[in-house]
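Visitor: Numbering (the numbering used here), first residue to last: 99 to 397. Beta carbons are placed, not taken as given, at the ideal position from N, Cα and C, and that holds for glycine. None of the values given here were measured: they were computed from a predicted structure.
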């Protein structure tokens, strides 16, 4: 009798996965997928699927499942006691109740570098877009008013100081891209990089966050979300930035005090902000104004 393959449940169908890889995966595992449009539907559907096709040995959580968050006891309890591993295709893990998983003997894995380069690409795109006032220029062109309504001049990134908050893999990829554009890179990180690594990325270390805020022309948030970094950037921190600073966040919305950022934009402390993450996704609080540039998370 052939040995039964371990059962793996994938939350959302594994689209864009290499067909050969997927075929090889299915020779070793019995793969099931569960698609839903929202958490309210997923919670009962998951319990029903476990009863029908389970028990499942492992669960894969695909990128783009933010509408299901949080991944907690309410959602995952039906998987007990058989599930032994939950693997996320995302780099972050703040949306997962890892403590609950640990108590129930479930291993949790994230994909640390899954979208590092893609995120750095988006950060550079947003930096260039805010420096060039791209959203207003596009709106003027589409509305047929041409250059009317465009105030000020666009800025060249060359020679500007880019302050990177969080010099992990994303921060490093961003530093490489910024260096090509002629930007001067400074960074703040929990731990300073080795001297040879700093030389590799042509980056200067700031020993405090305040030091970085005071000297940067453009600030990019690239640190993970944790208890320590929640609301890391609030009113006090925005006051310490240069007047007319450009601000980009591609990390997590909760790292920034949303009201403080809005006030900084209204006062002109922040010239323009480029964002693709928000505190209460998918609900975006910002209303359209020329000093905001924001996107749905599309990495």
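Mapping DSSP to helix, strand and coil, what is residue 131?
Guide: strand
Visitor: With DSSP as the reference, label residue 181 as helix, strand or coil.
Guide: coil
Visitor: Using C-beta distances below 7 Å, list every residue in its chain close to residue 268, excluding the 5 sequence neighbours before and after it, in chain order.
Guide: 214, 217, 218, 320
Visitor: Apart from the five residues on each side of it in sequence, which residues of its chain come closer than 6 Å, Cβ to Cβ, to residue 141?
Guide: 173
Visitor: Going by CA-CA distance only, name the one from 194, 259, 210, 159 that's closest to residue 315.
Guide: 259
Visitor: Do you know offhand how far residue 252's Cα is from residue 229's?
Guide: 6 Å
Visitor: Which residue comes first and which comes last in the beta strand (DSSP E) that contains residue 313?
Guide: Run containing residue 313: none in the beta strand (DSSP E); it sits in the alpha helix (DSSP H), 307-313.
Visitor: So which of 171, 192, 278 has the shortest CA-CA distance to residue 298?
Guide: 278
Visitor: Using 8 Å as the Cβ pair cut-off and three pairs as the minimum, do the segment 335-345 and the segment 188-203 touch?
Guide: No: fewer than three Cβ pairs fall under 8 Å.
Visitor: With DSSP run on the structure shown, which of helix, strand or coil describes residue 119?
Guide: helix
Visitor: Among residues of its own chain, excluding the 5 on either side of residue 151, which ones have a beta-carbon nearer than 6 Å to its beta-carbon?
Guide: 130
Visitor: I need the boundaries of the beta strand (DSSP E) containing residue 295, first residue and last residue.
Guide: No beta strand (DSSP E) contains residue 295, which is instead part of the alpha helix (DSSP H) from 293-299.
Visitor: What residue range does the beta strand (DSSP E) around residue 276 cover?
Guide: Premise fails: residue 276 lies in the alpha helix (DSSP H), 267-278, not in any beta strand (DSSP E).
Visitor: Within its chain, find whatever has a CB closer than 7 Å to the CB of residue 126; leave out the 5 residues flanking it on each side and keep chain order.
Guide: 103
Visitor: Name the DSSP bridge partner or partners of residue 205?
Guide: 183
Visitor: Measure the alpha-carbon distance for residue 107 versus residue 359 and round it to whole angstroms.
Guide: 40 Å
Visitor: Helix, strand or coil for residue 221, going by three-state DSSP, please let me know.
Guide: helix
Visitor: To the nearest angstrom, how far is the alpha carbon of residue 171 from that of residue 156?
Guide: 16 Å
Visitor: Could you give the distance in angstroms between the alpha-carbon of residue 364 and the alpha-carbon of residue 370?
Guide: 10 Å
Visitor: Note the first and the last residue of the continuous alpha helix (DSSP H) segment covering residue 174.
Guide: For residue 174, the enclosing alpha helix (DSSP H) has its first and last residue at 171-174.
Visitor: On a Cα-Cα basis, can you pick out the residue from 331, 261, 333 that is closest to residue 300?
Guide: 261
Visitor: Closest by CA to residue 379, which one among 362, 349, 368?
Guide: 349
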